[in-house]
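Under the numbering used here, the first residue of the sequence shown is numbered 6, with each subsequent residue one higher. Backbone N, C-alpha and C fix where the C-beta goes; we use that ideal spot for every residue, glycine too.
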Amino acid sequence: MNVKQRAYAQNCIYRQLSATMAPEDYATIVSNLQSAVCLNVARRVACPAHDSKLWSDVAPRNYSIWRILWKILIVIVSIFYVLLPPYPPKLFRKLVFCCPQKGRYYYLIAVKGTTRRACFKASEADGHDHLSICLPQMIRPKIRAVDVFYHLLRCKVFTLPYDEKHKICAMELYCEQSIRWLHRDKNRKRLRSPNLIIFSQPNSSDLGCCLMMDPNFADIADFLQCDLLIFDYPGYGVSEGTTNEKNVYAAIEAVVKYAMEQLGYSQEKIILIGFSLGTAAMVHVAEIYKVAALVLIAPFTSFFRIACRRPSVVRPWFDMFPSLEKSKKIVSPTLICHGEKDYIVGHEHGVQLKDTIPDCELHLLKHASHQGIFCEREMWDRVEQFLGSRVGITRAWIEHLQSESEILDNPVSASEVRMSRERSAVIKMEQGSN
């Protein structure tokens, strides 16, 4: 990492824009950011993950002839980078993985005693007492997402080894239901939701980018009433190692193993959600474990089949992420969501996977694109309905709270849980209508 980025990181530490601060400190932040207001989701004109101008202080640019020539040169160099050497496995790997620049969307703040350190590699955080995530974009003067500051308080960041030499960055995020019913009662021993969602992201984003998306990780956790476990692929963010198919599979296996061995979830309590490239990682896990449910958003049958626009063609030896072949062994309830306006991964891929997976439902969105489907409320409503019927999240919460209440002699009725859930739903509907 260059000197300029590390100096910028130290500035963030100095301004204490990380999750290590106390909740009362956020009042100071809000007062300092005069233009900062909570941005209503219904008024966002684009998803921040796909429109960076919404989150940055960018003035209209006057493109000179030199700038145009520079962009043309970048395009030419990029083409040569992809095509050379002309070896199919390396060529496909360059096309599949588009890692964001390290330190651009996030880095870690490692605390040991009274000292803080900015970490751009997972191994740099070894031996420290506490880890938190810092988002550089949050110190920009015109930022309008103060709610993200509060979301960071619900995050627990850690590093996780996936082979003998390298580690990835992962993060637990508690949903508002866990905070309301579990964390506020100090006598409770079980502080996590009855079900856990493991989320696997696309090929062009890392944890920091997804925290700024619409919806972000906290929005998903709150809407589905489940805690989230998310991670970065090797080579993404502060995660170490080479980005390739083998390491992606090794990373997701390490995350699932952590959820079962360290967090205490059985495989029947784990829900897998993958988006774009993340669907390949989730299909790999669902092939091995019988999980509670599997949700695939804009999935593909294999990378070669995307390139040739034929979702069921025979795959060559150099193909990557053969989800079609792996999906034949999936026995978990599965929901596939795909957009009919998806011109990157045609919805025919979703149809092909639906015909292959025994217990599978397909939901097609007429006007959704590959990038836009993640922001569609219709899609998330369908996911919530699917998980409610096939997993029974509300019922699981009732049983979870009542079992703890019997021990604590502080009974919680089923009506209280339902009223709390209905109250949250009404608030979300009111926010969406504004």
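Looking from the CA of G344, the closest CA among L74, R159, F280 belongs to F280. The residues Y110, Y111, L140, in chain order, have a CB closer than 6 Å to that of G213 in the same chain once the five nearest residues on each side in sequence are set aside. If the five residues before and after E366 are omitted, its C-beta is found closer than 6 Å to the C-beta atoms of L340, all from its own chain and listed in chain order. Distance from the Cα of S198 is smallest, within the candidate group V82, E169, I276, for I276. When the alpha-carbon of V253 is set against those of Q230, A286, L233, the nearest one is in A286. For the 8 Å CB-CB criterion, P105 and I173 do not form a contact. Classified as exposed, D134 has fewer than 16 neighbouring CB atoms from the shown chains inside 10 Å of its CB.
By the C-beta density criterion, G269 is exposed, having fewer than 16 other C-beta atoms within 10 angstroms.
Within the segment 265-322, complete alpha helix (DSSP H) segments of at least 4 residues are found at 282-293, 308-312, given in chain order. A223: member of the alpha helix (DSSP H) spanning 222-229, first to last residue.
As the crow flies, the alpha-carbon of C103 is around 24 Å from that of E129. The DSSP assignment places complete alpha helix (DSSP H) segments of no fewer than 4 residues inside the segment 119-207 at 152-157, in order along the chain.
For K262, the secondary structure class from DSSP, reduced to helix, strand or coil, is helix. Distances from the CA of A226 to each of S244, E181, A127, E250 were compared; the closest alpha carbon is that of E181. In the structure shown, the three-state DSSP call for A115 is strand. Looking only at E177, I70, P207, the smallest Cα-Cα distance to Q267 is reached by E177. For E389, there is no enclosing beta strand (DSSP E); the enclosing alpha helix (DSSP H) has its first and last residue at 382-395. For the options F391, F326, L157, the alpha carbon positioned closest to that of P338 is the one of F391. In this structure, G108 keeps its C-beta atom at 8 Å or more from the C-beta atom of H171.
With a cutoff of 8 Å on beta-carbon distance, L158 and F204 are scored as not near each other. Approximately 7 Å separates the beta-carbon atoms of L329 and L358; this is inside 8 Å, confirming the contact.
Between A297 and V396, the C-beta gap is smaller than 8 Å, which places the two residues in contact. By alpha-carbon distance to N200, the top candidate from L113, G283, M265, I362 is M265.
Judged by beta-carbon spacing, D364 lies within the 8 Å limit of V336, meaning their Cβ atoms are closer than that value. Taking all protein chains in view, the Cβ of P207 is crowded by 16 or more other Cβ atoms within 10 Å, so the residue is classified as buried. Taking C-beta separations shorter than 7 Å and ignoring five residues to either side along the sequence, the partners of E292 in its chain run K331, K334, I335, following chain order. One thing to note: K346 has its Cβ within 8 Å of the Cβ of S374. When beta bridges are read from the DSSP output, H368 appears opposite C342.
The Cβ atoms of F236 and V260 sit closer than 8 Å to each other. Looking only at S408, H352, Q407, T399, the smallest Cα-Cα distance to F228 is reached by T399.
The three-state reading of DSSP puts D232 in strand, counting E and B together. When the beta-carbon positions are compared, F326 and E250 come within less than 8 Å of each other. Here DSSP, grouped into helix, strand and coil, assigns F326 to coil. The criterion of a C-beta distance shorter than 8 Å is satisfied by F309 and P321. Around the CB of Y167, 16 or more other CB atoms lie within 10 Å, so the residue is classed as buried. In the three-state reduction of the DSSP assignment, G213 falls in the helix class, which pools H, G and I.
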